[in-house]
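Asks: Using numbering that gives the first Met the number 0, read the sequence shown as starting at 0 and increasing by one per residue.
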Amino acid sequence: MKMGTGGLLLRRLRAKVSDIPANFSWVYRGKLAASGIPSSRDQVVWLARHGVNSVLTLTEAPLPAEWFKGTNIRVRHLPMKDHEVPPVGALEEAANYIDQEVKSGRTLLVHCLAGKGRTGSALAAYLMKTRGMSAKEASELLRKMRQGSVESRQETSLREYEKSLKGS
């Protein structure tokens, strides 16, 4: 089911009553987090107050730059289409960026619109690249940590990424 204007409207309404981005959780406490799209400057400020200093945005459109002014949060936009299988190259780029930020000691938030499909796929690619996990192992681990992570059709792309990591 595609998230249309109603879904975005609900997120903006939620932002009026909560400083925490929807579906926020730590993957590795204090190092790597995931969520749905931050829907207000207040939510970005909440992230900064909780140690996040880097954000990887996987939505088609970037977040407003003015939301980040004065927060010391670095932002990287890697657009992936909603409800589509991410290209292997995009998974590789996301995994490399996540790895780079974690290794540099930055605290990174990875997000898409709902914080499930694209976010889960990028995190799975990172686990595959850095922990030597298979697509299945990474997907299963993320689903235990974050319900709804990695949609079924996106597993195809993760299996292709797994092959590319093995050089086949």
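Every residue, glycine too, gets a C-beta built ideally from N, C-alpha and C.
Here the structure is a predicted model, which is why all the values come from computation and not from measurement.
Is T56 helix, strand or coil by DSSP?
Replies: One-based indexing of the sequence shown puts residue 56 at position 57. It is a strand residue.
Asks: How would you label K115, buried or exposed, when you count the other beta carbons within 10 angstroms and need 16 or more for buried?
Replies: Taking the first residue of the sequence shown as position 1, residue 115 is located at position 116. Its Cβ being crowded by 16 or more others within 10 Å, K115 is buried.
Asks: Can you give me the C-alpha to C-alpha distance between L90 and A121, rounded to a whole angstrom?
Replies: Taking the first residue of the sequence shown as position 1, residue 90 is located at position 91. Taking the first residue of the sequence shown as position 1, residue 121 is located at position 122. Taking the straight line from one Cα to the other gives about 6 Å.
Asks: Roughly how many angstroms lie between the CA atoms of K68 and S156, to the nearest whole one?
Replies: Taking the sequence shown and counting its residues from 1, the one referred to as residue 68 is at position 69. Taking the sequence shown and counting its residues from 1, the one referred to as residue 156 is at position 157. Rounded to the nearest angstrom, the two C-alpha atoms are 35 Å apart.
Asks: DSSP beta-bridge partners for R75?
Replies: The residue you call residue 75 lines up with position 76 of the sequence shown. Answer is L55.
Asks: Where does G35 land, buried or exposed, given buried means 16+ other C-beta within 10 angstroms?
Replies: Residue 35 sits at position 36 when you count from the first residue of the sequence shown. With 16 or more Cβ atoms within 10 Å of its Cβ, G35 is classed as buried.
Asks: Leaving out five residues before and five after E150 in sequence, what residues of the same chain have Cβ atoms less than 6 Å from its Cβ?
Replies: Locating residue 150 in the sequence shown gives position 151, where the first residue counts as 1. Excluding positions up to five away in sequence, the list reads G116.
Asks: How about E159 and V87: are their beta carbons less than 7 Å apart?
Replies: One-based indexing of the sequence shown puts residue 159 at position 160. One-based indexing of the sequence shown puts residue 87 at position 88. Going by C-beta atoms, E159 is nearer than 7 Å to V87.
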